[in-house]
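Participant:
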Amino acid sequence: MGKKKLTRWDLQKMKESGEKAVWITAYDYWNASFAEKAGMDMILVGDSLGMCVYGYESTVPVTMEQCIYHSEAVRRAAKNTFIVGDMPFLSYQISIENAVLNAGRFHKEAAVDAIKLEGGKRVCPQIRAITDGGMLVMGHIGLTPQSSGQLGGFKAQGRTADAAFELIEDAKAIQKAGAFSVLVEAVPPEVCNIIRKTLTIPVYSIGAGIDADGQLMISSDVAGVFQAFTPKFVKKYENLADKTIKAFSDYRDDVKEGKFPALEHTYKMVDGELDKLITNLKKG
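Residue numbering for the sequence shown follows our numbering, starting at 5 and increasing by one per position.
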């Protein structure tokens, strides 16, 4: 019997008991299966797939179709893990009705357990409408990649008293709107800790310090696959990029040098059948 999938109430109890939640992004069947086998509490099918899978320069080009497509694959692999679908750019900003419809698509087509969207007070009407529709919403404040242009790039947020105060107010508004949790990205640990102590719902960190109720990391960062850049808050637990390149190079060399495939990598004909084939060929 496999692991039991967590519920939002399990995650709430983890916060109240001081047990840290651990989650990671996954965008495909194999990585999601690895995440479940590793015992992750949650998986985020993040719009970071735009950069990690498709090679975009930001998350902005990512579409609903791409997010749902990848969420479906992740759900097939991780049937017993709490999965969060990430609402891509313009899937919830246009109107409240559009936000509810797209959140519903994640549930109907990919069987996610919750959705995540970026922003503070300005997206609270969408959060309220989606929760009123019977779905779970995770907020996301601090560095919000979809609006990095407004933020002046991929920069840490909440580093001044005024900016930190605004983040805390955003967090309180998100909770009041009905979100079951909030993700805080690239914010000083002191600010994230204040938010955690202020809110009754779980507060998770990605680059916001150790005092949060749990931590999120990008899978390709953890495995050392993504090479375009490395944020300050990333810890690489392996260097699969170099190992994969070496494996590919060794394969190339073996083929060029006539070492692969060797006899042990080939199939044998049934005894006596080769002689029959040669005889038949001679007969024409």
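Idealized CB from N, CA, C, for every residue including glycine.
For Phe237, which of helix, strand or coil comes out of DSSP?
Facilitator: Three-state result, Phe237: coil.
Participant: Buried or exposed: Trp13, going by 16 or more other Cβ atoms within 10 Å of its Cβ?
Facilitator: It is exposed - the Cβ of Trp13 has fewer than 16 other Cβ atoms within 10 Å.
Participant: With distances taken Cα to Cα, identify the nearest neighbour of Ile214 among Val188, Ser151, Phe38 and Ala227.
Facilitator: Taking only the C-alpha atoms, the option nearest Ile214 is Val188.
Participant: Would Met5 be called buried (16 or more neighbouring beta carbons within 10 Å of its own) or exposed?
Facilitator: In this prediction, Met5 scores a pLDDT of 45, lower than 50, which makes its location untrustworthy; the coordinate-derived value is nonetheless stated afterwards. The residue is exposed, with fewer than 16 neighbouring Cβ atoms inside 10 Å.
Participant: State the DSSP-derived secondary structure class of Ile134, mapped to helix, strand or coil.
Facilitator: Ile134: helix per DSSP, three-state reduction.
Participant: To which residues does DSSP link Glu189 through a beta bridge?
Facilitator: According to DSSP, Glu189 bridges with Gly146 and Ile210.
Participant: I'd like to confirm the pairing. Which residues does DSSP put opposite Ile319 in its beta bridges?
Facilitator: The requested residue 319 is not part of the displayed model; the chain covers only 5 to 288.
Participant: Between the alpha carbons of Ile87 and Val195, how many angstroms are there, rounded?
Facilitator: When rounded, the distance between both Cα atoms is 27 Å.
Participant: Put Val259 into one of helix, strand or coil per three-state DSSP.
Facilitator: Three-state result, Val259: helix.
Participant: So Thr29 and Leu10 are supposed to be a Cβ contact under 8 Å. How far apart are they, rounded?
Facilitator: Their Cβ separation, rounded to whole angstroms, is 17 Å, which puts Thr29 and Leu10 out of contact at 8 Å.
Participant: Using 10 angstroms around the beta-carbon of Arg3, count the other beta-carbons present and answer buried if the total reaches 16, otherwise exposed.
Facilitator: The structure shown does not extend to residue 3, since the chain is modelled only from 5 to 288, so the question has no answer here.
Participant: Under three-state DSSP, which class holds Gln179?
Facilitator: Of the three classes helix, strand and coil, the one that applies to Gln179 here is helix, per DSSP.
Participant: Throw me the rounded Cβ distance for the Gly182 and Thr135 pair, which I believe falls under 8 Å.
Facilitator: Confirmed, Cβ separation roughly 4 Å.
Participant: In whole angstroms, give me the CA-to-CA distance for Lys263 and Asn243.
Facilitator: Computed Cα separation, rounded: 27 Å.
Participant: To the nearest angstrom, how far is it from the Cα of Asp254 to the Cα of Pro265?
Facilitator: Rounded to whole angstroms, Asp254 to Pro265 spans 13 Å at the Cα level.
Participant: Examine the Cβ distances between the stretch 29 to 42 and the stretch 72 to 83 and report whether three or more of them are shorter than 8 Å.
Facilitator: Touching, per the Cβ criterion.
Participant: Could you have a look at Val195 and say whether DSSP puts it in helix, strand or coil?
Facilitator: Helix at Val195.
Participant: Closest by CA to Lys83, which one among Val116, Tyr60 and Asp246?
Facilitator: Checked all of Val116, Tyr60 and Asp246; the closest Cα to Lys83 is Val116.
Participant: Given this structure, state the Cα-to-Cα distance separating Met44 from Gln16, to the nearest angstrom.
Facilitator: If I take the Cα positions, the gap works out to 16 Å.
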